[in-house]
Amino acid sequence: MKFTYTFLLFFILKTTSFKAQNVSFSTSNLPIIKVNTNQGTIVNEPKIMADMEVIYNGVGKTNAITDKPTGYLGKTGIEFRGSTSQQLFPKKPYGIELWVDSTQKSRKIALLSMPEESDWILNATYNDKTLMRDVLSYDLANRMGRYATRSRYCEMVINGNYEGLYILMEKIKRDKNRVDVSSLKLTDNTGDDVTGGYILKIDKTEGTKSKLWNTTLTIGTQIFTIPIQIEYPKITDITDAQFNYIKKYVTDFETSLNGADYLTPKAQWREMIDIDSFVDYFLITEFTKNVDGYRLSTYFYKDKDSKGGKLKMGPAWDYNLAFGNAEYLEGYKTTGWQFKINDLAIPAKDINFLAPTWWERLAVDSTFRVKASKRWEILRKTAFSLDRINTWIDSTANVLQEPKNRNFSRWTGVLGKYVWPNYYVGATYENETSWMKDWIRQRTAWLDAQLKVFGQPLANEVDITKESSLRVFPNPTQSETMIEYDVLKKGRVKINVYDLTGRLLKTLIDEEKNVKTYQVKLNSENFSSGMYLIDYQLDGVPVESMRIIKK
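All residue numbers for the sequence shown refer to our numbering, where the first residue is 52 and numbers rise by one.
The structure is reproduced here in C-alpha coordinates:
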(Lines of atoms letter the chains of each structure in order from A and count residues from 1; the text may use other names and numbers.)
(Lines give C-alpha, C1' and ligand atoms only; values in the text may rest on other atoms or scores of the structure.)
Protein backbone atom coordinates (compact mmCIF):
# COMPACT_ATOMS: atom_id res chain seq x y z
CA MET A 1 0.00 0.00 0.00
CA LYS A 2 1.34 3.40 -0.91
CA PHE A 3 1.77 5.53 2.20
CA THR A 4 0.24 8.98 2.14
CA TYR A 5 -0.31 11.70 4.71
CA THR A 6 -4.03 11.11 4.23
CA PHE A 7 -3.52 7.56 5.46
CA LEU A 8 -1.38 8.78 8.35
CA LEU A 9 -4.03 11.32 9.30
CA PHE A 10 -6.68 8.58 9.25
CA PHE A 11 -4.47 6.39 11.43
CA ILE A 12 -3.85 9.17 13.92
CA LEU A 13 -7.52 10.02 14.19
CA LYS A 14 -8.36 6.37 14.76
CA THR A 15 -5.76 5.91 17.50
CA THR A 16 -5.78 9.28 19.23
CA SER A 17 -8.59 11.19 20.87
CA PHE A 18 -8.31 14.93 20.21
CA LYS A 19 -10.22 17.13 22.60
CA ALA A 20 -10.22 20.88 22.99
CA GLN A 21 -11.89 22.60 25.93
CA ASN A 22 -12.64 26.20 26.74
CA VAL A 23 -10.35 27.48 29.48
CA SER A 24 -10.84 30.48 31.72
CA PHE A 25 -7.83 32.71 31.17
CA SER A 26 -7.10 36.15 32.54
CA THR A 27 -3.46 36.43 33.70
CA SER A 28 -0.10 34.78 33.08
CA ASN A 29 3.51 34.96 34.15
CA LEU A 30 4.30 34.61 30.43
CA PRO A 31 3.76 37.17 27.67
CA ILE A 32 0.29 37.08 26.13
CA ILE A 33 -0.27 37.24 22.37
CA LYS A 34 -3.76 38.18 21.20
CA VAL A 35 -4.83 37.83 17.57
CA ASN A 36 -8.11 39.05 16.11
CA THR A 37 -8.80 37.91 12.54
CA ASN A 38 -11.91 40.10 12.30
CA GLN A 39 -14.00 37.09 11.25
CA GLY A 40 -11.39 35.95 8.72
CA THR A 41 -10.46 32.26 8.55
CA ILE A 42 -6.83 31.28 8.98
CA VAL A 43 -5.63 28.94 6.21
CA ASN A 44 -2.40 27.30 5.10
CA GLU A 45 -1.72 29.93 2.44
CA PRO A 46 -1.91 32.84 1.95
CA LYS A 47 -1.61 34.85 5.13
CA ILE A 48 -4.75 36.71 6.12
CA MET A 49 -4.75 40.11 7.79
CA ALA A 50 -5.30 40.27 11.53
CA ASP A 51 -4.81 42.62 14.47
CA MET A 52 -2.18 41.47 16.96
CA GLU A 53 -1.30 42.54 20.48
CA VAL A 54 1.67 41.45 22.58
CA ILE A 55 1.20 42.04 26.30
CA TYR A 56 4.37 41.91 28.37
CA ASN A 57 4.95 43.98 31.49
CA GLY A 58 8.51 42.86 32.18
CA VAL A 59 10.47 40.17 33.99
CA GLY A 60 8.74 38.83 37.09
CA LYS A 61 5.54 40.80 36.48
CA THR A 62 2.08 39.41 35.88
CA ASN A 63 0.50 39.99 32.49
CA ALA A 64 -3.27 40.39 32.27
CA ILE A 65 -5.32 39.88 29.14
CA THR A 66 -6.84 43.32 29.71
CA ASP A 67 -3.47 45.09 30.03
CA LYS A 68 -2.22 47.62 27.52
CA PRO A 69 -0.17 45.89 24.79
CA THR A 70 3.36 47.18 25.36
CA GLY A 71 5.11 44.55 23.22
CA TYR A 72 3.25 45.11 19.93
CA LEU A 73 0.02 46.60 18.64
CA GLY A 74 -0.67 46.48 14.95
CA LYS A 75 -1.41 44.51 11.82
CA THR A 76 -0.05 41.08 11.04
CA GLY A 77 -0.41 38.44 8.39
CA ILE A 78 -1.10 35.00 9.84
CA GLU A 79 -1.28 31.50 8.33
CA PHE A 80 -0.89 27.88 9.35
CA ARG A 81 2.64 26.54 8.95
CA GLY A 82 4.49 23.27 9.18
CA SER A 83 3.97 19.99 7.40
CA THR A 84 3.11 17.03 9.63
CA SER A 85 2.11 19.16 12.63
CA GLN A 86 -0.36 21.21 10.61
CA GLN A 87 -2.01 18.20 9.02
CA LEU A 88 -2.22 15.91 12.04
CA PHE A 89 -2.86 18.00 15.12
CA PRO A 90 -5.76 20.23 16.19
CA LYS A 91 -3.49 22.77 17.87
CA LYS A 92 -2.01 24.55 14.87
CA PRO A 93 1.40 26.18 14.47
CA TYR A 94 1.36 29.62 12.87
CA GLY A 95 3.57 31.75 10.72
CA ILE A 96 3.19 35.51 11.14
CA GLU A 97 4.53 38.54 9.34
CA LEU A 98 4.31 41.98 10.91
CA TRP A 99 2.65 44.48 8.58
CA VAL A 100 2.69 48.28 8.53
CA ASP A 101 -1.00 48.51 7.68
CA SER A 102 -3.62 47.13 5.30
CA THR A 103 -1.17 47.52 2.40
CA GLN A 104 0.51 44.38 3.79
CA LYS A 105 3.95 45.95 3.61
CA SER A 106 6.22 44.13 6.06
CA ARG A 107 7.92 45.90 8.94
CA LYS A 108 10.66 44.81 11.29
CA ILE A 109 9.89 44.96 15.00
CA ALA A 110 11.79 43.62 18.02
CA LEU A 111 9.41 41.25 19.82
CA LEU A 112 9.98 40.30 23.46
CA SER A 113 13.58 41.56 23.45
CA MET A 114 14.53 39.53 20.38
CA PRO A 115 16.24 41.38 17.49
CA GLU A 116 13.87 43.09 15.10
CA GLU A 117 12.44 41.19 12.14
CA SER A 118 9.16 40.91 10.30
CA ASP A 119 8.82 37.10 10.07
CA TRP A 120 8.09 35.00 13.16
CA ILE A 121 6.81 31.57 14.10
CA LEU A 122 4.38 30.47 16.78
CA ASN A 123 5.32 26.87 17.56
CA ALA A 124 2.44 24.81 18.98
CA THR A 125 4.78 22.08 20.38
CA TYR A 126 1.78 19.73 20.46
CA ASN A 127 3.38 16.28 20.46
CA ASP A 128 6.23 17.22 22.80
CA LYS A 129 4.58 16.92 26.20
CA THR A 130 7.56 18.41 28.01
CA LEU A 131 7.05 21.55 25.87
CA MET A 132 10.83 21.91 25.97
CA ARG A 133 12.60 19.89 23.29
CA ASP A 134 12.88 22.63 20.68
CA VAL A 135 13.83 25.35 23.15
CA LEU A 136 16.34 23.12 24.94
CA SER A 137 18.00 22.16 21.65
CA TYR A 138 18.34 25.77 20.56
CA ASP A 139 19.78 26.62 23.96
CA LEU A 140 22.37 23.87 23.51
CA ALA A 141 23.31 25.06 20.03
CA ASN A 142 23.63 28.63 21.26
CA ARG A 143 25.86 27.55 24.14
CA MET A 144 28.04 25.74 21.61
CA GLY A 145 28.73 29.17 20.15
CA ARG A 146 26.45 28.73 17.15
CA TYR A 147 23.57 30.93 16.09
CA ALA A 148 20.31 29.25 17.07
CA THR A 149 16.75 30.45 16.80
CA ARG A 150 15.81 32.70 19.72
CA SER A 151 12.53 31.85 21.38
CA ARG A 152 10.12 32.99 24.08
CA TYR A 153 7.32 31.08 25.75
CA CYS A 154 3.94 32.81 25.61
CA GLU A 155 0.21 32.11 25.89
CA MET A 156 -2.04 32.76 22.95
CA VAL A 157 -5.60 33.97 22.43
CA ILE A 158 -7.23 33.96 18.99
CA ASN A 159 -10.55 35.71 18.47
CA GLY A 160 -11.17 35.66 22.21
CA ASN A 161 -10.48 31.93 22.59
CA TYR A 162 -7.61 30.64 24.69
CA GLU A 163 -5.37 28.51 22.44
CA GLY A 164 -2.72 27.37 24.90
CA LEU A 165 1.01 27.70 25.39
CA TYR A 166 3.08 28.59 22.34
CA ILE A 167 6.72 29.31 21.58
CA LEU A 168 7.35 32.56 19.72
CA MET A 169 10.41 31.85 17.60
CA GLU A 170 12.65 33.42 15.02
CA LYS A 171 12.26 32.04 11.52
CA ILE A 172 15.46 31.03 9.75
CA LYS A 173 16.30 34.02 7.56
CA ARG A 174 19.25 35.91 6.18
CA ASP A 175 19.76 38.75 8.62
CA LYS A 176 22.64 40.25 10.57
CA ASN A 177 21.01 38.90 13.73
CA ARG A 178 20.02 35.52 12.29
CA VAL A 179 21.97 33.76 9.52
CA ASP A 180 24.56 36.44 8.92
CA VAL A 181 25.55 35.97 5.28
CA SER A 182 25.83 38.59 2.57
CA SER A 183 22.81 39.86 0.70
CA LEU A 184 22.66 38.48 -2.84
CA LYS A 185 21.31 40.87 -5.45
CA LEU A 186 19.98 39.98 -8.88
CA THR A 187 23.03 41.72 -10.36
CA ASP A 188 25.52 39.56 -8.40
CA ASN A 189 26.33 37.07 -11.14
CA THR A 190 30.11 36.99 -11.53
CA GLY A 191 33.35 36.97 -9.56
CA ASP A 192 33.18 37.23 -5.78
CA ASP A 193 29.67 38.69 -6.00
CA VAL A 194 28.06 35.40 -7.05
CA THR A 195 29.77 33.32 -4.34
CA GLY A 196 27.37 34.22 -1.52
CA GLY A 197 25.35 34.38 0.49
CA TYR A 198 23.16 31.31 0.22
CA ILE A 199 21.03 29.41 2.72
CA LEU A 200 20.18 25.84 1.74
CA LYS A 201 18.25 23.01 3.30
CA ILE A 202 17.45 19.31 3.03
CA ASP A 203 13.76 18.97 3.82
CA LYS A 204 10.33 18.07 2.54
CA THR A 205 9.31 20.15 -0.44
CA GLU A 206 5.85 21.13 0.79
CA GLY A 207 5.12 24.73 1.66
CA THR A 208 6.79 27.75 0.12
CA LYS A 209 8.41 26.73 -3.15
CA SER A 210 12.18 26.95 -3.45
CA LYS A 211 14.63 26.57 -6.28
CA LEU A 212 16.15 23.09 -5.90
CA TRP A 213 18.12 20.27 -7.43
CA ASN A 214 18.39 16.59 -6.53
CA THR A 215 21.40 14.77 -5.23
CA THR A 216 21.24 10.98 -5.33
CA LEU A 217 21.68 8.04 -2.99
CA THR A 218 22.11 4.50 -4.31
CA ILE A 219 20.85 1.50 -2.33
CA GLY A 220 21.48 -1.73 -4.14
CA THR A 221 20.39 -1.01 -7.69
CA GLN A 222 17.77 1.53 -6.64
CA ILE A 223 18.51 5.25 -6.81
CA PHE A 224 16.83 7.65 -4.38
CA THR A 225 16.79 11.41 -4.78
CA ILE A 226 17.43 13.93 -2.03
CA PRO A 227 16.26 17.48 -2.83
CA ILE A 228 18.62 20.29 -1.90
CA GLN A 229 16.55 23.45 -1.67
CA ILE A 230 17.70 27.04 -1.76
CA GLU A 231 16.02 28.83 1.14
CA TYR A 232 17.75 32.11 0.31
CA PRO A 233 17.53 33.75 -2.17
CA LYS A 234 13.84 33.09 -2.76
CA ILE A 235 12.79 31.36 -5.96
CA THR A 236 11.72 34.70 -7.45
CA ASP A 237 14.99 36.42 -6.51
CA ILE A 238 17.66 34.04 -7.77
CA THR A 239 19.29 34.15 -11.19
CA ASP A 240 20.41 31.19 -13.29
CA ALA A 241 24.04 32.14 -12.71
CA GLN A 242 23.56 32.10 -8.94
CA PHE A 243 21.68 28.80 -9.00
CA ASN A 244 24.31 27.18 -11.19
CA TYR A 245 27.11 28.47 -8.98
CA ILE A 246 25.80 27.10 -5.68
CA LYS A 247 24.64 23.85 -7.27
CA LYS A 248 28.12 23.28 -8.70
CA TYR A 249 29.77 24.18 -5.39
CA VAL A 250 27.72 21.65 -3.39
CA THR A 251 27.99 19.03 -6.14
CA ASP A 252 31.78 19.44 -6.27
CA PHE A 253 31.90 19.00 -2.49
CA GLU A 254 29.85 15.80 -2.73
CA THR A 255 31.91 14.47 -5.63
CA SER A 256 35.14 15.00 -3.71
CA LEU A 257 33.73 13.53 -0.50
CA ASN A 258 32.54 10.44 -2.39
CA GLY A 259 35.81 10.08 -4.29
CA ALA A 260 38.25 7.21 -3.84
CA ASP A 261 40.94 9.55 -2.49
CA TYR A 262 38.72 11.51 -0.10
CA LEU A 263 40.77 10.56 2.97
CA THR A 264 43.95 12.09 1.58
CA PRO A 265 45.13 15.41 3.06
CA LYS A 266 44.71 17.25 -0.23
CA ALA A 267 41.17 16.09 -1.00
CA GLN A 268 39.21 19.05 -2.39
CA TRP A 269 36.30 18.81 0.04
CA ARG A 270 38.54 19.81 2.96
CA GLU A 271 38.91 23.29 1.50
CA MET A 272 35.20 23.64 0.75
CA ILE A 273 33.61 23.24 4.19
CA ASP A 274 33.99 24.69 7.66
CA ILE A 275 34.69 21.35 9.30
CA ASP A 276 34.15 22.70 12.84
CA SER A 277 30.55 23.61 11.98
CA PHE A 278 30.04 20.10 10.58
CA VAL A 279 31.45 18.63 13.80
CA ASP A 280 29.10 20.72 15.93
CA TYR A 281 26.06 19.82 13.84
CA PHE A 282 27.08 16.16 14.05
CA LEU A 283 27.41 16.30 17.84
CA ILE A 284 24.14 18.08 18.59
CA THR A 285 22.29 15.75 16.22
CA GLU A 286 23.84 12.69 17.84
CA PHE A 287 23.33 14.01 21.38
CA THR A 288 19.64 14.73 20.80
CA LYS A 289 19.20 11.68 18.49
CA ASN A 290 16.86 13.78 16.40
CA VAL A 291 15.13 11.44 13.92
CA ASP A 292 14.79 14.35 11.48
CA GLY A 293 18.50 15.11 11.73
CA TYR A 294 20.65 14.86 8.60
CA ARG A 295 17.64 14.02 6.39
CA LEU A 296 15.01 16.70 7.13
CA SER A 297 15.02 20.23 8.59
CA THR A 298 18.76 20.31 7.89
CA TYR A 299 20.19 23.74 7.05
CA PHE A 300 23.58 24.86 5.76
CA TYR A 301 24.84 28.10 4.26
CA LYS A 302 27.65 29.81 2.38
CA ASP A 303 28.90 33.39 2.46
CA LYS A 304 30.97 35.15 -0.20
CA ASP A 305 34.50 33.86 -0.76
CA SER A 306 35.85 37.22 0.41
CA LYS A 307 34.16 36.57 3.77
CA GLY A 308 35.37 33.03 4.31
CA GLY A 309 33.19 31.38 1.72
CA LYS A 310 33.17 27.84 3.07
CA LEU A 311 30.03 25.74 3.44
CA LYS A 312 28.80 25.80 7.05
CA MET A 313 26.24 23.59 8.76
CA GLY A 314 23.33 25.10 10.67
CA PRO A 315 21.34 26.58 12.15
CA ALA A 316 19.91 23.74 14.24
CA TRP A 317 16.20 23.39 13.52
CA ASP A 318 13.13 21.35 14.51
CA TYR A 319 13.87 19.14 17.51
CA ASN A 320 10.38 18.29 18.75
CA LEU A 321 11.05 14.60 18.00
CA ALA A 322 14.47 14.60 19.68
CA PHE A 323 15.46 13.24 23.09
CA GLY A 324 13.61 9.94 22.66
CA ASN A 325 10.28 11.39 21.50
CA ALA A 326 9.91 9.21 18.38
CA GLU A 327 8.83 5.59 18.26
CA TYR A 328 10.28 5.06 14.77
CA LEU A 329 13.79 5.01 13.27
CA GLU A 330 15.04 3.98 16.73
CA GLY A 331 14.62 7.53 17.96
CA TYR A 332 13.62 6.22 21.39
CA LYS A 333 16.84 4.27 21.91
CA THR A 334 19.66 5.81 23.91
CA THR A 335 22.20 3.79 21.92
CA GLY A 336 23.19 3.84 18.27
CA TRP A 337 24.57 6.39 15.83
CA GLN A 338 22.01 8.67 14.25
CA PHE A 339 24.22 9.30 11.21
CA LYS A 340 23.72 5.63 10.27
CA ILE A 341 20.00 6.22 9.92
CA ASN A 342 19.96 4.97 6.32
CA ASP A 343 21.08 1.55 7.58
CA LEU A 344 17.89 1.13 9.60
CA ALA A 345 14.74 -0.52 8.36
CA ILE A 346 13.10 2.58 6.90
CA PRO A 347 9.32 2.94 7.35
CA ALA A 348 7.40 3.39 4.12
CA LYS A 349 6.48 6.96 5.01
CA ASP A 350 10.19 7.89 5.24
CA ILE A 351 11.53 6.01 2.22
CA ASN A 352 11.84 9.29 0.30
CA PHE A 353 13.50 11.14 3.18
CA LEU A 354 16.95 9.62 3.44
CA ALA A 355 20.19 11.29 4.54
CA PRO A 356 22.96 12.19 2.09
CA THR A 357 26.16 10.18 2.25
CA TRP A 358 28.12 13.05 3.82
CA TRP A 359 28.04 11.87 7.41
CA GLU A 360 28.95 8.25 6.82
CA ARG A 361 31.94 9.44 4.80
CA LEU A 362 33.02 12.07 7.32
CA ALA A 363 32.75 9.57 10.17
CA VAL A 364 35.60 7.59 8.61
CA ASP A 365 37.91 10.59 8.23
CA SER A 366 40.54 10.83 10.96
CA THR A 367 40.50 14.65 11.07
CA PHE A 368 36.74 14.72 11.57
CA ARG A 369 36.84 11.94 14.15
CA VAL A 370 39.59 13.54 16.23
CA LYS A 371 37.87 16.93 16.15
CA ALA A 372 34.54 15.38 17.17
CA SER A 373 36.11 13.43 20.02
CA LYS A 374 37.95 16.47 21.41
CA ARG A 375 34.98 18.79 20.94
CA TRP A 376 32.70 16.36 22.78
CA GLU A 377 35.10 16.32 25.72
CA ILE A 378 34.90 20.11 25.94
CA LEU A 379 31.12 20.25 25.51
CA ARG A 380 30.52 17.71 28.27
CA LYS A 381 32.04 20.20 30.70
CA THR A 382 30.06 23.14 29.33
CA ALA A 383 26.96 23.09 27.11
CA PHE A 384 26.34 19.35 27.48
CA SER A 385 26.96 19.16 31.22
CA LEU A 386 24.23 17.01 32.76
CA ASP A 387 24.04 19.19 35.87
CA ARG A 388 23.54 22.28 33.73
CA ILE A 389 20.92 20.62 31.51
CA ASN A 390 18.97 19.22 34.47
CA THR A 391 18.99 22.63 36.13
CA TRP A 392 17.71 24.19 32.90
CA ILE A 393 14.88 21.63 32.67
CA ASP A 394 13.85 22.12 36.30
CA SER A 395 13.97 25.90 35.99
CA THR A 396 11.92 25.89 32.79
CA ALA A 397 9.37 23.50 34.29
CA ASN A 398 8.96 25.90 37.20
CA VAL A 399 8.31 28.84 34.85
CA LEU A 400 5.74 26.78 32.94
CA GLN A 401 3.97 25.49 36.05
CA GLU A 402 0.66 27.32 35.57
CA PRO A 403 0.77 27.87 31.79
CA LYS A 404 1.27 24.17 31.06
CA ASN A 405 -1.70 23.31 33.27
CA ARG A 406 -3.88 25.64 31.22
CA ASN A 407 -2.42 24.27 28.00
CA PHE A 408 -3.26 20.67 28.89
CA SER A 409 -6.70 21.73 30.10
CA ARG A 410 -7.29 23.34 26.71
CA TRP A 411 -5.97 20.30 24.85
CA THR A 412 -7.19 17.36 26.93
CA GLY A 413 -6.23 14.68 24.43
CA VAL A 414 -2.51 15.12 25.04
CA LEU A 415 -1.16 14.48 28.53
CA GLY A 416 -1.35 10.82 29.47
CA LYS A 417 -2.45 9.90 25.93
CA TYR A 418 -0.59 8.62 22.90
CA VAL A 419 0.12 11.38 20.40
CA TRP A 420 2.00 10.45 17.24
CA PRO A 421 4.85 9.51 17.30
CA ASN A 422 5.44 9.31 21.07
CA TYR A 423 7.39 6.33 22.37
CA TYR A 424 6.91 7.11 26.05
CA VAL A 425 3.52 8.18 27.42
CA GLY A 426 3.70 9.54 30.95
CA ALA A 427 0.64 9.95 33.13
CA THR A 428 1.77 13.38 34.31
CA TYR A 429 3.89 16.27 33.12
CA GLU A 430 6.42 15.43 35.81
CA ASN A 431 6.65 11.89 34.42
CA GLU A 432 7.42 13.32 30.98
CA THR A 433 10.22 15.64 32.13
CA SER A 434 11.69 13.00 34.43
CA TRP A 435 11.75 10.44 31.61
CA MET A 436 13.46 12.92 29.28
CA LYS A 437 16.14 13.67 31.88
CA ASP A 438 16.81 9.98 32.34
CA TRP A 439 16.93 9.47 28.57
CA ILE A 440 19.52 12.26 28.29
CA ARG A 441 21.58 10.69 31.07
CA GLN A 442 21.66 7.32 29.32
CA ARG A 443 22.33 8.84 25.90
CA THR A 444 25.21 10.86 27.32
CA ALA A 445 26.75 7.77 28.91
CA TRP A 446 26.63 5.91 25.59
CA LEU A 447 28.18 8.79 23.68
CA ASP A 448 30.85 9.27 26.34
CA ALA A 449 32.02 5.71 25.73
CA GLN A 450 31.76 5.92 21.94
CA LEU A 451 33.38 9.30 21.45
CA LYS A 452 36.23 8.45 23.78
CA VAL A 453 37.53 6.06 21.12
CA PHE A 454 36.07 7.92 18.15
CA GLY A 455 39.32 9.78 17.61
CA GLN A 456 41.34 6.59 17.32
CA PRO A 457 42.36 5.33 13.85
CA LEU A 458 40.02 2.89 12.14
CA ALA A 459 41.39 -0.49 11.14
CA ASN A 460 40.15 -0.03 7.56
CA GLU A 461 40.83 3.69 7.31
CA VAL A 462 43.80 3.49 4.96
CA ASP A 463 42.36 1.08 2.39
CA ILE A 464 38.96 2.59 1.69
CA THR A 465 38.79 0.96 -1.75
CA LYS A 466 38.58 -2.50 -0.19
CA GLU A 467 35.55 -4.39 -1.41
CA SER A 468 32.56 -4.87 0.83
CA SER A 469 32.48 -7.95 3.09
CA LEU A 470 28.79 -8.33 2.34
CA ARG A 471 27.16 -8.53 -1.08
CA VAL A 472 23.51 -9.03 -1.96
CA PHE A 473 22.04 -9.88 -5.35
CA PRO A 474 19.64 -9.29 -6.91
CA ASN A 475 18.70 -6.10 -5.11
CA PRO A 476 15.85 -5.08 -5.37
CA THR A 477 14.38 -8.58 -5.30
CA GLN A 478 10.99 -10.17 -5.81
CA SER A 479 11.41 -13.43 -3.92
CA GLU A 480 14.88 -14.94 -3.55
CA THR A 481 18.11 -13.13 -2.70
CA MET A 482 21.64 -14.49 -2.57
CA ILE A 483 23.78 -13.12 0.25
CA GLU A 484 27.53 -13.51 -0.18
CA TYR A 485 29.84 -12.70 2.72
CA ASP A 486 33.57 -12.83 3.45
CA VAL A 487 34.90 -14.24 6.70
CA LEU A 488 38.32 -12.62 7.12
CA LYS A 489 38.97 -14.11 10.56
CA LYS A 490 37.81 -17.42 11.99
CA GLY A 491 34.92 -16.88 14.36
CA ARG A 492 31.19 -17.09 14.99
CA VAL A 493 29.17 -15.55 12.19
CA LYS A 494 25.66 -14.25 12.69
CA ILE A 495 23.54 -12.83 9.87
CA ASN A 496 20.14 -11.43 10.82
CA VAL A 497 17.28 -9.96 8.80
CA TYR A 498 15.19 -7.15 10.30
CA ASP A 499 11.84 -5.72 9.19
CA LEU A 500 10.58 -2.11 9.02
CA THR A 501 10.13 -1.84 12.77
CA GLY A 502 13.57 -3.23 13.59
CA ARG A 503 11.98 -6.56 14.61
CA LEU A 504 14.12 -9.64 13.96
CA LEU A 505 12.58 -11.64 11.11
CA LYS A 506 15.16 -14.32 10.48
CA THR A 507 18.56 -15.51 11.60
CA LEU A 508 20.18 -16.90 8.46
CA ILE A 509 23.52 -17.90 9.98
CA ASP A 510 24.64 -18.38 13.59
CA GLU A 511 27.66 -20.69 13.61
CA GLU A 512 31.45 -20.92 13.59
CA LYS A 513 33.06 -20.25 10.21
CA ASN A 514 36.59 -20.53 8.86
CA VAL A 515 38.25 -17.88 6.70
CA LYS A 516 36.45 -18.15 3.38
CA THR A 517 33.75 -16.61 1.18
CA TYR A 518 30.28 -18.07 1.76
CA GLN A 519 26.79 -17.74 0.31
CA VAL A 520 23.36 -18.12 1.86
CA LYS A 521 19.90 -17.69 0.32
CA LEU A 522 17.17 -15.49 1.71
CA ASN A 523 13.63 -16.32 0.66
CA SER A 524 11.65 -13.08 0.91
CA GLU A 525 8.57 -14.30 -0.94
CA ASN A 526 6.34 -13.70 2.08
CA PHE A 527 7.84 -10.29 2.87
CA SER A 528 5.79 -7.17 2.22
CA SER A 529 7.12 -4.64 -0.27
CA GLY A 530 9.61 -2.28 1.34
CA MET A 531 13.09 -2.01 2.79
CA TYR A 532 14.83 -4.54 5.04
CA LEU A 533 18.20 -4.74 6.77
CA ILE A 534 20.78 -7.52 6.52
CA ASP A 535 23.13 -7.36 9.51
CA TYR A 536 26.45 -9.27 9.54
CA GLN A 537 28.34 -9.80 12.81
CA LEU A 538 31.52 -11.71 13.62
CA ASP A 539 32.05 -12.78 17.23
CA GLY A 540 29.36 -10.29 18.26
CA VAL A 541 31.09 -7.36 16.56
CA PRO A 542 29.24 -5.61 13.69
CA VAL A 543 31.04 -6.13 10.38
CA GLU A 544 28.63 -4.64 7.90
CA SER A 545 24.96 -3.94 7.28
CA MET A 546 23.19 -3.74 3.96
CA ARG A 547 19.72 -2.67 2.92
CA ILE A 548 17.66 -4.77 0.55
CA ILE A 549 14.48 -3.76 -1.20
CA LYS A 550 11.59 -6.15 -1.72
CA LYS A 551 9.49 -5.22 -4.74
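Ideal Cβ positions, reconstructed from N, Cα and C, are used throughout, including at glycine.
Source: prediction; values computed, not measured.
In the three-state DSSP reduction, Ile297 falls in the helix class (H, G or I). Taking every protein chain shown into account, the CB of Asn178 has 16 or more other CB atoms within 10 angstroms, so this residue is buried. By DSSP's assignment, Asn212 forms a beta bridge with Ile209. Our two residues, Arg229 and Tyr198, have alpha carbons roughly 7 angstroms apart in a direct line.
The C-beta of Asp254 has 16 or more other C-beta atoms within 10 Å across all chains shown, which makes the residue buried. Inter-segment contact for the region 400 to 415 and the region 343 to 354 is present: three or more beta-carbon pairs are separated by less than 8 angstroms. Shown here, Trp264 sits in a strand according to DSSP, grouped into three states. In the structure shown, Pro366 falls within a coil segment according to DSSP collapsed to helix, strand and coil. Between Ile83 and Leu162, the alpha-carbon positions lie close to 12 angstroms from each other.
Under the rule that a run must span 3 or more residues, the beta strand (DSSP E) segments found entirely inside the region 327 to 372 read 349 to 353, 362 to 364. In the same chain as Phe419, and ignoring 5 residues on each side of it, the C-beta atoms closer than 6 angstroms to its own belong to Leu413, in chain order.
In the DSSP assignment, Tyr145 falls within the beta strand (DSSP E) that extends over 145 to 150. Residue state for Ile440 is assigned as helix, using DSSP reduced to three classes. Less than 7 angstroms separates the beta-carbon of Lys564 from that of Val538.
Runs of the beta strand (DSSP E) lying entirely within the region 236 to 285, each at least 3 residues long, are 249 to 253, 262 to 270, 273 to 283 in chain order. In the DSSP assignment, Val421 falls within the alpha helix (DSSP H) that extends over 417 to 430. For Thr558, the uninterrupted beta strand (DSSP E) run begins and ends at 555 to 564, by DSSP. Taking the Cα positions, Ser579 is about 36 angstroms away from Tyr332. Within the same chain, Cβ atoms closer than 7 angstroms to the Cβ of Thr276 are found at Asn265, Thr267, the five residues on either side in sequence being excluded. Asp586: not part of any alpha helix (DSSP H); member of the beta strand (DSSP E) spanning 581 to 589, first to last residue.
Arg543 and Asp561 have their C-alpha atoms roughly 7 angstroms apart. Residue pairing of Asn174 in beta bridges, as defined by DSSP: Ile218. Around the beta carbon of Ala478, fewer than 16 other beta carbons sit within 10 angstroms, so the residue counts as exposed. Here Asp102 is exposed. Its C-beta has fewer than 16 other C-beta atoms within 10 Å. Counting the other CB atoms within 10 Å of its CB gives Thr127 a total of 16 or more, which places it among the buried residues. Where Glu104 is concerned, the enclosing beta strand (DSSP E) starts and stops at 99 to 106. Checking the DSSP bridge columns, you'll see Arg598 partnered with Leu584. In this model, Lys142 and Ile129 are separated by some 15 angstroms (Cα to Cα). Here Ala192 is not near Ala423, since their CB atoms are 7 angstroms or more apart. Counting only the Cα atoms, Leu237 lies some 27 angstroms from Asp325. Secondary structure of Gln529 (DSSP, three-state): coil. Under DSSP, Lys400 forms no beta bridge with any residue. Here the region 481 to 493 does not lie against the region 204 to 222, with fewer than 3 beta-carbon pairs under 8 angstroms apart.
For Asn547, the enclosing beta strand (DSSP E) covers residues 542 to 549.
For the options Lys503, Ser233, Leu451, Lys85, the alpha carbon positioned closest to that of Ile250 is the one of Ser233.
Residue nearest to Gln90 within the set Asn210, Pro97, Glu148, Asp118 is Asn210 (criterion: CA-CA distance).
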